[in-house]
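Numbering (the working numbering), first residue to last: 10 to 303. Below is one structure, written out as structure tokens, with a few remarks after it.
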Amino acid sequence: MNILIIESEIYLAQKVVSRLLDDGHNCDFVESPNIDNLTKDYDIILLSTSLPGALCKTIIRRYSDSIILLLVSYISDETVTDPIKEGAKDYIMKPFIMDELVRKIYHYRECKSLRKELQTLREYLDFQFSDVDTSGCILPTTFPILIETNSQISADKLSFELSRKLNLPMRFISLSSDYWQKQLNEKFSGILYLTDFHSLKKSAKENLIKYIEDKKCILVSLEKEEDFPYTRVEFQKNDMMVMSNNIMTINDYVKMMVLSYQSKYPDTELSKKLGISRKSLWEKRKKLGIEKKK
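Below, the structure is given as structure tokens:
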């Protein structure tokens, strides 16, 4: 990491620089900063609040994308409260243990990295769900819930929407994996999202139903289920003509692909991806009763 230390106590600054260099970081030290000379970007700013308040505020705003930790001699509105309101992340009291400063640096770097990763994942999910139409279906807030559907991604979207609505984390467990029972027994206080319920044998389904009686749990099945005693939601997509364990006919496959992708690709590209001519695509539409979307 690139780290800038702004500190008037030279001995303290040198001690900090020495420790951070030993940890493999790049460090610059400024005793009396001139804001016009601060042109380099840094990951971390260690800022002494012994500087005039106006200068601290200017530095914090200049490095608004960096992690700013305050080095303070005493706690007051001017040294702690106001700088944190401006965007500083935290403070540490002088004199401090060097390990504690390093711990704060790594803690806030990890937090920043996790926030970036979370934002990326949220944007990716929004992109994945953008073409998934689940209008008219909202999951209830009473658990456990079984979703019977022919569209796994639709169940995913509905479950994410409920998770956000309730502000609860969600753990994904595939019941077709070899480790689902171990995962299910791990301590977790959010929503358990269990896919592939249809893949279980009858006895395993019965045991699972008893286990989740008092848990915040969403089950997903790509088949009709019998004897499910809790809340049941059915969501079927008209353009999905095959359930999980059925073999599709060639005509059914072509129909599903055309219905799914004709709004994304022009006929020339769609027919190419299907390995047929544009004329054959036109004939398939006519034969299978597929209405071309405009």
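Where a beta carbon is used, it is the ideal one built from N, C-alpha and C, also for glycine. No experiment lies behind these values; they were computed from the predicted model shown.
Residue span of the beta strand (DSSP E) that contains residue i, given as start and end
{"i": "C226", "result": "226–230"}
{"i": "C36", "result": "35–39"}
{"i": "L201", "result": "200–204"}
Residue i Cβ short of 6 angstroms to the ligand GDP heavy atom set
{"i": "L47", "result": "Questions concerning the ligand GDP fall outside what the structure shown contains, since it holds no ligand whatsoever."}
Residue interval of the alpha helix (DSSP H) (run including residue i)
{"i": "M102", "result": "Careful: M102 lies outside any alpha helix (DSSP H), inside the beta strand (DSSP E) at 99–102."}
{"i": "T277", "result": "276–283"}
{"i": "L217", "result": "211–220"}
For residue i, three-class secondary structure by DSSP
{"i": "M10", "result": "coil"}
{"i": "T240", "result": "strand"}
{"i": "S139", "result": "coil"}
{"i": "F152", "result": "coil"}
{"i": "T158", "result": "strand"}
{"i": "M250", "result": "Residue placement at M250 is poorly supported in this model, since its pLDDT is 46, which falls under 50; the coordinates are not used for a value here."}
{"i": "F105", "result": "coil"}
{"i": "F169", "result": "helix"}
Cutoff 8 angstroms; reference residue i; Cβ partners in own chain excluding five residues on either side
{"i": "K264", "result": "M250, K293, L297, I299"}
{"i": "Y188", "result": "none"}
{"i": "Q161", "result": "T204, V229, L231"}
{"i": "S286", "result": "S280"}
Alpha carbon of residue i to alpha carbon of residue j, nearest angstrom
{"i": "D52", "j": "T67", "result": "17 angstroms"}
{"i": "L175", "j": "P149", "result": "11 angstroms"}
{"i": "D99", "j": "D50", "result": "20 angstroms"}
{"i": "Y133", "j": "V141", "result": "14 angstroms"}
{"i": "Q271", "j": "T48", "result": "51 angstroms"}
{"i": "E235", "j": "E215", "result": "11 angstroms"}
{"i": "D276", "j": "S144", "result": "28 angstroms"}
{"i": "F138", "j": "S168", "result": "12 angstroms"}
{"i": "I182", "j": "Y220", "result": "15 angstroms"}
{"i": "N46", "j": "R71", "result": "12 angstroms"}
{"i": "S121", "j": "K246", "result": "One detail in the question is off: residue 121 reads as Lys in this sequence, not Ser. Cα to Cα, the separation comes out at about 39 angstroms."}
{"i": "F38", "j": "I19", "result": "9 angstroms"}
{"i": "K295", "j": "L268", "result": "13 angstroms"}
Neighbourhood of residue i by C-beta, 6 angstroms cutoff - its chain only, sequence neighbours within 5 removed
{"i": "C226", "result": "F152, P153, L201"}
{"i": "R28", "result": "M107"}
{"i": "L79", "result": "L56, T58, P92, A97, Y100"}
Proximity below 7 angstroms, CB of residue i to CB of residue j
{"i": "I9", "j": "A63", "result": "Residue 9 is absent from the structure shown; the chain starts at 10 and stops at 303."}
{"i": "E40", "j": "S17", "result": "yes"}
{"i": "E170", "j": "E243", "result": "no"}
{"i": "M179", "j": "S186", "result": "no"}
{"i": "S82", "j": "K113", "result": "no"}
{"i": "I14", "j": "A22", "result": "yes"}
{"i": "L184", "j": "R241", "result": "no"}
{"i": "E95", "j": "I69", "result": "yes"}
Neighbour flag for residue i against chain C, beta carbons, 7 angstroms
{"i": "A213", "result": "Among the chains in the structure shown there is no chain C, since it carries only a single protein chain."}
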